[in-house]
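Residue numbers (mature numbering (1 follows the signal peptide of the UniProt record, and there is no 0)): -22 to -1, 1 to 434.
Remarks on the structure that follows.
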Amino acid sequence: MLSHPRAVTLALHILWIAMAQAAGQEDREKTTALKDLLSKIDLDELMKKDEPPFTFPKTLEEFEYAFNEHGQLRHMKTGELFVFNAREDLHRWNQKRYEALGEIITQYVYELLEKKCNMTKAFLPVEATDDEPTSFIYLSPDALSNPSKLLVLIQGSGVVRAGQWARRLIINQDLDSGTQIPFITRAMEDGYGVMVLNPNENYLEMEKPGKSTPLPSPTEPSDEPAEKRERKDDKEGKKKREFYEKYRNPQKETETERIPVRENGSSEEHVLYVWDNFVSKAAAKNVFIMAHSYGGLSFVELMNQREMQVKNRVCAVALTDSAHNIWLQETSKGTQDWMQQHCCNWVSSSEPLDTPLDPMLPDCPRVSAVTQQKRESHRVLHRLLSTFTTNPTPHRLAPLLDMSLSPNLPWGQRECQSQQQDRVCQHLQVEGRTGPTGPLASLVPSSYHIYLHCPA
């Protein structure tokens, strides 16, 4: 005879098992009902209601946007800035729309390079066949024939193409901030030949043929066990969910493959190829290079491959937020020493513009670019080009200093040699550099003609 407590416990166990069985049966019935409901839903019709198709305008006019006289992108009717969230709660659609506008911007910048800057395309590889992928760079009319000076522009990584520093700045700020156009025109005015590299145009993207999914056969009576049919139904339901997710995520909807451009399949390969086939064959005695972000890494890789050629031809290199790393890239001691004398890297910092910063690696001097956003890079690069133009010492990059700039003064309007020399001395008082008699005295040019606002 069971004791009273044990009898109660046993009864509770029996009751719990019965309730669990009932709940399990109820869950199975709910699952079956849900499957029946899902089988009646037209996924195609559901998707049409859920998200609009990814078809967008092909021109700025169709987008109803245009660049005004200040180079700012504005809505043609409202005059407002570009609005990313054109449709709430549809981030993927908005992103695709933004990318479509970006492709139009790319073509617009190409037109500016050709019409405003009078530049022409040079296709890569130079001996490409008709049926292989190609890329291109832009050359000024005298890029190969200018006997004196050549400026080479290398952008960073990402979606930007020839002539662009940052697509976001073009759309949200203006053309002067986000494109290389101001520096190209200024360089041409100062007698430079110009080459605009295109390191991200390094593949041809092709859509893979779609895989057709066979339609499920009509439901027929089956002798299969119920559990096996349920597993099969679960499998079909999973296929439907995966199909729906492919629709929801356009990156998975269309599968593509990338065919690399021969000898230009990466930024590093592109820079090396352009050096071998264009820069090294140019007539200019003095080559100047501007490189942003990953472009700096590609330049250092060029030095690893063509060290003596670069040393013999390149006078100065201006880097902005360069992504290079002399240790990971295994640069030689000779390259590091050369970079100390010929390169300068403007990096994001809270310090005032051109403030010397502690070097992270023993390669090139680092100075402040003020901001952590790319919108300041165009201002910094104006300073760099001014240094290239005014430095009379062909094989040294003079340190740039914290100067009081006035946007209302023309380039080269003022000469302020004595004040500038004082600032040079202050700049050299870093890491044991004690003035014009120190190891960097040779960097100080005898005279500066710069964009400098000095009191009358």
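Glycine is no exception: its CB is placed at the ideal position from the N, C-alpha and C atoms.
{"query": "Contacting residues, own chain, Cβ-Cβ under 6 Å from Ser135 (five flanking each side not counted)", "result": "Tyr272"}
{"query": "Residue interval of the alpha helix (DSSP H) (run including Thr313)", "result": "Lys311 to His320"}
{"query": "Segment limits, alpha helix (DSSP H) that includes Glu183", "result": "Looking at the DSSP string, Glu183 is not in any alpha helix (DSSP H); the run it does join, the beta strand (DSSP E), is Tyr181 to Glu185."}
{"query": "Cβ-based neighbour list, Gln391, same chain, cut-off 7 Å, excluding 5 preceding and 5 following", "result": "At Gln391 the pLDDT is 31, less than 50, meaning the model places this residue with poor confidence and gives no usable figure here."}
{"query": "Identity of the residue in Phe114, Asn46 and Gly274 nearest Gln151 by Cα", "result": "Asn46"}
{"query": "Between the CA atoms of Val249 and Gln318 - distance to the nearest angstrom", "result": "21 Å"}
{"query": "Coarse secondary structure for Ile304, derived from DSSP in three states", "result": "coil"}
{"query": "Alpha-carbon spacing of Trp305 relative to Val104, whole angstroms", "result": "33 Å"}
{"query": "Reduced DSSP category for Ser276 - H, G, I as helix; E, B as strand; rest coil", "result": "helix"}
{"query": "Cα-Cα separation between Lys36 and Glu167, rounded to whole angstroms", "result": "34 Å"}
{"query": "Nearest candidate by alpha-carbon position, reference Glu39, set Tyr86, Ser346 and Asp299", "result": "Tyr86"}
{"query": "Where the alpha helix (DSSP H) through Tyr76 begins and ends", "result": "His69 to Lys93"}
{"query": "When Arg146, Thr84, Glu235 and Asn176 are compared against Leu182, the one with the closest alpha-carbon", "result": "Glu235"}
{"query": "Bridge partner(s) assigned by DSSP for Trp324", "result": "Thr298 and Val345"}
{"query": "Nearest residue (CA-CA) to Ala301, options Ser326, Arg284 and Val288", "result": "Ser326"}
{"query": "Distance between Gln133 and Asp120 (C-alpha atoms, nearest Å)", "result": "21 Å"}
{"query": "For Met97 and Tyr43, the rounded distance between their alpha carbons", "result": "26 Å"}
{"query": "Short CB-CB distance (under 8 Å) between Glu58 and chain B", "result": "In the structure shown, chain B does not exist; there is a single protein chain."}
{"query": "Beta bridge counterpart(s) of Arg52 as assigned by DSSP", "result": "Ala44"}
{"query": "Where Phe114 falls: helix, strand or coil (DSSP)", "result": "strand"}
{"query": "Close Cβ partners of Pro388 (< 7 Å) along its chain, the five nearest in sequence each way excluded", "result": "With a pLDDT of only 31 at Pro388, under the threshold of 50, the placement of this residue in the model should not be trusted; the figure read from the coordinates follows. So the list is empty, once near-sequence residues are dropped."}
{"query": "For Arg52 and Leu59, believed in contact at Cβ under 8 Å, the rounded distance", "result": "7 Å"}
{"query": "The segment 167 to 181 in contact with the segment 111 to 118 per 3-pair CB rule at 8 Å", "result": "yes"}
{"query": "Residue(s) in a DSSP beta bridge with Gly171", "result": "Leu128"}
{"query": "Cutoff 7 Å; reference Met184; Cβ partners in own chain excluding five residues on either side", "result": "Thr234, Glu235 and Ile237"}
{"query": "Range of the contiguous beta strand (DSSP E) that encloses Asn264", "result": "Asn264 to His270"}
{"query": "Proximity of Lys127 and Phe266 at Cβ, strictly below 8 Å", "result": "yes"}
{"query": "Chain-order list of residues whose beta-carbon lies under 8 Å from that of Gln307 (same chain, five-residue window excluded)", "result": "Leu275, Val278, Glu279 and Asn282"}
{"query": "Member of Leu102, Phe32, Gly49 and Lys99 whose CA lies at the smallest distance from the CA of Gln73", "result": "Phe32"}
{"query": "Spatially closest choice to Met54 from His48, Phe62, Asn63 and Phe41, by CA coordinates", "result": "Phe41"}
{"query": "Unbroken beta strand (DSSP E) run spanning Arg236, endpoints", "result": "Thr234 to Pro238"}
{"query": "Reduced DSSP secondary structure (H/G/I, E/B, other) of Leu36", "result": "Here the sequence assigns Lys to residue 36, which means Leu is not the residue at that position. Looking at Lys36 - three-state DSSP - the assignment turns out to be coil, as it is neither helix nor strand."}
{"query": "Cβ-based burial, Asp299 [other Cβ within 10 Å; buried from 16]", "result": "buried"}
{"query": "Beta bridge counterpart(s) of Thr157 as assigned by DSSP", "result": "Gln142"}
{"query": "Limits of the beta strand (DSSP E) - the one that Leu102 falls within", "result": "Thr98 to Leu102"}
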